[in-house]
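Student: Just so you know, the numbering used here puts 195 at position 194 of the sequence shown, and the rest follows in order with no gaps.
Quick one: the structure is below, and I'll ask about it shortly.
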Amino acid sequence: MVQQEFLNTPPMMGPPTIETRIDPNMVADPSSSVPAVQAAIATASKSEIPTIEDQESTTVELPAGWIAPNGRLYQEAVVRELTGYDEEKLSRIDPNKNVAHYVTELLSLGVEMLGDQKPSKEILRDLVVGDRDALVLGIRRATYGNDVVLKLTCTECGEDSEVTVSVTDDIKVKPLEDPLQRLFPVKLKHGEAQITLMNGWMQENFGDAFVKKTKAEMDTRILQKCVVEINGIKVLENDDAVKRLSSADRATLIDAITEHQPGPQLGEIEVPCATCGAEYPISLGLGNLFRF
Ligand SMILES: [Zn+2]
C-alpha cells in the first residue's frame, strides 16, 4: 500500500553536491594582501541577509482537508521553502527511527498556514496521511522546484539516463469524494464494520513497528487504529476484537482502508528510459524528494 511505501522510504541521502559548494578561490592564498581580505570581509558583512519574506511560498490543495473543532473544513495550506536553519533542526531527528515523526517535524517547519492559522503539531498529526504527503510534496516544490530528477539504469538497453518527474503533472492525486466523510462502511462475511482514514497519529504510532513486525502483526495494528466499529460495537484500540476477526474479513478491511486513503499516489509513478523508452515503476519518498 502506498502509505507504507512512503513510510519505508530509504534513509536520507547525504548532500550530493557538497564538493561543488567549496569555492577554490576561497582557499587562503599566502600571496593575497591583508587589506584585500579585510575589504572583502567588510563587503560581505555589509551585504544584505535575505529576510523570511524572500522565501518561496506555495499553496497546497489538500485532498481531504482538516476539519477544525468547530466543524469547518479547510482544504488549502501555504507552505514555504526550507532553509539551513530547518535543515539543521531536521538533522537532529533520525528518520530511520520513526519516519512519521520526522514528517511531523518537517511539516511543523514548512507549513505556514492551514486555513487561517499556523497549524500546531497536534493539528498536523490530525491530518490524514494523504494530506501530509501532499504537504511534503508542496514543501519539496517550494524548496527545490517542481521537477524531481532521478537516475535510472535501464536493464533493457543498459544505458544510464536521467528522468524527470514533475510533482504537479506526473503524480496522480486521489481526492476524497466527500471531504467531510471520514467513516466508511465495509461489508464483512458476517455483518458490517466502520473504518476511518489513517492519520498522522496512527502513522507515528506504527512508525518503527513496520520494521520489526510481521505482516500479520502490522495488519493488527492498522486494524486496531482504523476499524471503529464491528456490527454496531465500538472496537477502536481493541486488539482482541481485530484478532478475533476471520482472516478473510481482516483482508477485506485492510483492502478497504487502503482503497479509501486519498492523496498523492507516490508508489504508482512510471518513468521511461530516455534511450529505449522502457517503462520503470518508481516510488517517491523523502529520500529522493529531499537532498539533506
Ligand atoms: Zn533503456
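Note that the Cβ used here is the ideal one computed from N, Cα and C, for glycine as well.
These numbers were taken from a predicted model, which means no experiment stands behind them.
#1: What three-state label does DSSP hand Lys119 in the structure shown?
#2: In three-state DSSP terms, what is Gln204?
#3: Is it true that the segment 233-249 meets the segment 149-159, where meeting means three or more beta-carbon pairs spaced less than 8 Å apart?
#4: With a floor of 3 residues, list each beta strand (DSSP E) that falls wholly inside the segment 127-179, ordered by position along the chain.
#5: Mind the definition here: the segment 165-176 touches the segment 254-271 only if three or more C-beta pairs lie below 8 Å; say whether that holds.
#6: Taking only the alpha-carbon atoms, compute the straight-line gap between Gly131 and Cys277 and give it to the nearest angstrom.
#7: Does DSSP classify Lys190 as helix, strand or coil?
#8: Inspect the beta-carbon positions of Lys119 and Glu113 and report whether they are closer than 8 Å.
#9: Can you tell me whether Asn200 is buried or exposed? The criterion is at least 16 other CB atoms within 10 Å of its CB, across all chains shown.
#10: Closer than 7 Å by C-beta to Val150: which residues in its own chain qualify, once you throw out the five before and the five after it? Chain order, please.
#11: Assess, as a yes-or-no matter, whether the segment 132-142 is touched by the segment 103-110 under the definition of 3 or more beta carbon pairs within less than 8 Å.
#12: Expressed to the nearest angstrom, what Euclidean distance is found between the alpha-carbon atoms of Phe207 and His102?
#13: Would you kindly work out how many angstroms separate the C-alpha atoms of Glu88 and Asp95, rounded to a whole number?
#14: Pull up the distance between the alpha-carbon of Ile223 and that of Pro282, whole angstroms please.
Tutor: The answer reads as follows:
#1: In the sequence shown, residue 119 corresponds to position 118, counting from 1. Lys119 falls in the coil class under three-state DSSP.
#2: In the sequence shown, residue 204 corresponds to position 203, counting from 1. It is helical.
#3: no
#4: 148-154, 161-167
#5: yes
#6: In the sequence shown, counting from the first residue as 1, residue 131 sits at position 130. In the sequence shown, counting from the first residue as 1, residue 277 sits at position 276. Near 34 Å, if we compare the C-alpha coordinates of Cys277 and Gly131.
#7: In the sequence shown, counting from the first residue as 1, residue 190 sits at position 189. Note: Lys190 maps to coil in three-state DSSP.
#8: Your numbering for residue 119 matches position 118 in the sequence shown. Your numbering for residue 113 matches position 112 in the sequence shown. It is a contact, given that the beta carbons lie within the stated cut-off.
#9: One-based indexing of the sequence shown puts residue 200 at position 199. Asn200 is buried by the Cβ-count criterion.
#10: Position 149 of the sequence shown, counted from the first residue, corresponds to residue 150. The answer, listed in chain order, is Glu163, Thr165.
#11: yes
#12: Stepping through the sequence shown from its first residue, residue 207 is reached at position 206. Stepping through the sequence shown from its first residue, residue 102 is reached at position 101. If you take the alpha carbons of Phe207 and His102, they lie about 10 Å apart.
#13: Start at 1 with the first residue of the sequence shown, and residue 88 comes out as number 87. Start at 1 with the first residue of the sequence shown, and residue 95 comes out as number 94. Cα to Cα, Glu88 sits roughly 12 Å from Asp95.
#14: Numbered from its first residue, the sequence shown carries residue 223 at position 222. Numbered from its first residue, the sequence shown carries residue 282 at position 281. Ile223 and Pro282: Cα-Cα distance of roughly 26 Å.
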